[in-house]
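Novice: One structure coming up, written as structure tokens, with questions to follow.
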Amino acid sequence: METMTTRERIRATIKREPVDRLSLCVDTFCHGGMTFLDRRYPDPFEHARYLMGLGLDTGIELSYPLGDLPDSIAVRQWREERSGAYPLLYKEYATPRGNLRQVVRQTPDYPQEINLASDHNVPPTRSKEYLVSAAEDLDKLECMFGSLNNRAVESYRQQARQARTFCDKHQLTLAAYSWGVGDPLIWFSGIEGVLMMAMTEKEMLSRYVAIMADWHRKTMEVAIDAGVDHFLRRGWYESTDFWSPWLYEEFLLGPLKREVELAHQAGCTFGYVMASGATPLLSYIREAGVDIYSNIDPLAPNTDLRHIRDEIGDSVTLCGGLNNYETLEQKPADEVRRAVLEAIEILTPPAGCILAPADSLYLGDPATIERNFHVMVDTWKEAVW
Numbered sequence: 003m004e005t006m007t008t009r010e011r012i013r014a015t016i017k018r019e020p021v022d023r024l025s026l027c028v029d030t031f032c033h034g035g036m037t038f039l040d041r042r043y044p045d046p047f048e049h050a051r052y053l054m055g056l057g058l059d060t061g062i063e064l065s066y067p068l069g070d071l072p073d074s075i076a077v078r079q080w081r082e083e084r085s086g087a088y089p090l091l092y093k094e095y096a097t098p099r100g101n102l103r104q105v106v107r108q109t110p111d112y113p114q115e116i117n118l119a120s121d122h123n124v125p126p127t128r129s130k131e132y133l134v135s136a137a138e139d140l141d142k143l144e145c146m147f148g149s150l151n152n153r154a155v156e157s158y159r160q161q162a163r164q165a166r167t168f169c170d171k172h173q174l175t176l177a178a179y180s181w182g183v184g185d186p187l188i189w190f191s192g193i194e195g196v197l198m199m200a201m202t203e204k205e206m207l208s209r210y211v212a213i214m215a216d217w218h219r220k221t222m223e224v225a226i227d228a229g230v231d232h233f234l235r236r237g238w239y240e241s242t243d244f245w246s247p248w249l250y251e252e253f254l255l256g257p258l259k260r261e262v263e264l265a266h267q268a269g270c271t272f273g274y275v276m277a278s279g280a281t282p283l284l285s286y287i288r289e290a291g292v293d294i295y296s297n298i299d300p301l302a303p304n305t306d307l308r309h310i311r312d313e314i315g316d317s318v319t320l321c322g323g324l325n326n327y328e329t330l331e332q333k334p335a336d337e338v339r340r341a342v343l344e345a346i347e348i349l350t351p352p353a354g355c356i357l358a359p360a361d362s363l364y365l366g367d368p369a370t371i372e373r374n375f376h377v378m379v380d381t382w383k384e385a386v387w
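Counting with my numbering, you get residues 3 to 387 for the letters of the sequence shown.
Here it is as structure tokens:
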């Protein structure tokens, strides 16, 4: 069989057509990143060229920034020192309907300013005051996320024009990395706060979901107009690690289905990121029409890659199979090689399958990560080329 381009291989994989080999990806079709790659190739085009040179399937990702709010929103930040306790960071958003505020303890492990998209703000041990905690906060939130920032939209379009030219030249996929719905809810309100709403304040949570889902669809429309081929959509905080299946069906499935429909109407494919807690949701993932279920972690509890393939592999492309935080970040080379071969065995034949790490590789020793990255690539080449 003739060698396929990256774009051809991924499209054929999704359609379950014959491919020249099993794809290996570390970005674009999965949530990913690596310390040594980001430092060495900060330019996205050089980053893509490097991965292409190794034979990986890659592309260019664009992301509409969650923090680029309408011009009507004024932001104020300050820091409060406290005797015998962590300093407090304040971030206040002044909207036409009143102010919203986040207050976060400035701990040594994360001394940066408060960002809207931050896992570090989720635990109540760090967040002293969440952005959204009461029904009256939603009018203010709607001011923040009811429309897009015109300058951010134009900047996105300019980036997309450059990226589209590069992708067409190299036959790569142009992807839009999107925030989804469940992740912003938990960033803004914490896990306990959102789940209490789901059980005791359903009308409030339904409106909360609608505000963020509507904003997310607006960003998708910008991406579609800019010419993207694929959406990579976050679902980390939408799994049964946090939501029961019936709460997922009640609050999260509908927005996901509408996003997939929007993408498909535009001729785009759609990937859904969820490393763990997905097994009870497999029927919903199929029902939503997702093209790629990505970042599957074989070491996550109750996550069996072979079972997942048996359950939905006939209609949903599976992307993952390699644990990041233990296998790729810490294990010796021989164990990495063994894990790669085990994943390849499950993902063969390769129709509807993509080999990939389950998440980014940022927390381990950079030298170990770089070594294990090359072990992964070399083992894959020996097995499937």
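Ideal placement from N, C-alpha and C gives every residue a C-beta, glycine not left out.
Every value quoted in this text rests on a predicted model; they were computed, and no experiment measured them.
Please name the residue, chosen from A212, A178, D336, that lies closest to V377 on a Cα-to-Cα basis.
Specialist: Here the closest residue by C-alpha is D336.
Novice: Along the chain, which unbroken stretches of the alpha helix (DSSP H) at least 4 residues long are found entirely within the segment 238-299?
Specialist: DSSP runs (the alpha helix (DSSP H)) wholly in the segment 238-299: 247-253, 255-267, 284-290.
Novice: On a CA-only basis, which of G291, S317, D293, T281 is nearest P303? Give me that one, please.
Specialist: For the residues G291, S317, D293, T281, the minimum Cα distance to P303 belongs to T281.
Novice: Quick one, which of Y295, A228, P113, E205 has its alpha-carbon nearest E252's?
Specialist: Comparing Cα positions, the closest option is E205.
Novice: Measure the C-alpha to C-alpha separation of R13 and Q164 and round it to an integer number of angstroms.
Specialist: Using only the alpha carbons, I get a separation of about 22 Å.
Novice: Could you tell me which of G86, L102, D367 sits nearest to R78, measuring between CA atoms?
Specialist: Ranking G86, L102, D367 by Cα distance to R78 puts L102 first.
Novice: Exposed or buried, what is W80 when buried is set at 16 or more other beta-carbons lying within 10 Å of its beta-carbon?
Specialist: By the 10 Å Cβ count, W80 comes out exposed.
Novice: Does the count of Cβ pairs from the segment 229-237 and the segment 68-77 closer than 8 Å reach three?
Specialist: Touching, no.
Novice: Could you check what DSSP says for Q160 in three-state terms: helix, strand or coil?
Specialist: Reduced to three states, the DSSP call for Q160 is helix.
Novice: Can you tell me where the beta strand (DSSP E) with S65 in it begins and where it stops?
Specialist: Where S65 is concerned, the enclosing beta strand (DSSP E) stretches over 61-65.
Novice: Assuming A358 and G322 form a contact by the criterion Cβ under 8 Å, report the distance between their Cβ atoms to the nearest whole angstrom.
Specialist: Yes, they are in contact, since the Cβ atoms of A358 and G322 sit about 5 Å apart, within 8 Å.
Novice: Suppose contacts are defined by Cβ-Cβ distances below 8 Å. Is D361 in contact with N297 by that definition?
Specialist: Contact flag set, yes.
Novice: Measure the alpha-carbon distance for R339 versus T305 and round it to whole angstroms.
Specialist: The straight-line gap from Cα to Cα measures roughly 21 Å.
Novice: How many angstroms separate the CA atom of I294 from the CA atom of R84?
Specialist: Going from the Cα of I294 to the Cα of R84 covers about 48 Å.
Novice: Starting from I356, follow the beta strand (DSSP E) in both directions and report where the run begins and ends.
Specialist: Taken as a continuous stretch (DSSP letters only), the beta strand (DSSP E) holding I356 covers 355-359.
Novice: On the three-state DSSP scale, how would you describe W382?
Specialist: W382 falls in the helix class under three-state DSSP.
Novice: In three-state DSSP terms, what is E203?
Specialist: Coil, per DSSP.
Novice: Assuming D299 and Y239 make a contact with CB atoms under 8 Å, what is their CB distance in whole Å?
Specialist: So it is not a contact: roughly 15 Å between Cβ atoms.
Novice: Helix, strand or coil: how does DSSP classify G34 here?
Specialist: It is coil, neither helix nor strand.
Novice: Under a Cβ-count criterion, where at least 16 other Cβ atoms within 10 Å of its own Cβ denotes burial, should K93 be classed as buried or exposed?
Specialist: K93 is buried by the Cβ-count criterion.
Novice: Round the Cβ separation of Y364 and T37 to the nearest angstrom and send it over; I've been treating them as touching at under 8 Å.
Specialist: Yes, they are in contact, since the Cβ atoms of Y364 and T37 sit about 5 Å apart, within 8 Å.
Novice: Is the beta carbon of V124 less than 8 Å from the beta carbon of I116?
Specialist: Not closer than 8 Å, so no.
Novice: Report back the beta-carbon spacing between I75 and L140 to the nearest angstrom; my notes put them in contact at under 8 Å.
Specialist: Between L140 and I75 the Cβ distance is about 15 Å, and since that is not below 8 Å, they are no contact.
Novice: From the DSSP output, in three-state form, read off Q114 for me.
Specialist: Note: Q114 maps to coil in three-state DSSP.
Novice: Does DSSP put A154 in a helix, in a strand, or in coil?
Specialist: A154 falls in the helix class under three-state DSSP.
Novice: Going straight from the alpha carbon of Y43 to that of L64, what length do you get?
Specialist: Cα to Cα, Y43 sits roughly 16 Å from L64.
Novice: How many Å lie between P110 and K130 at the Cα?
Specialist: So the alpha carbons of these two residues sit roughly 16 Å apart.
Novice: Relative to the C-alpha of E261, which candidate in Y250, L249, Y274 has its C-alpha closest?
Specialist: Checked all of Y250, L249, Y274; the closest Cα to E261 is Y274.
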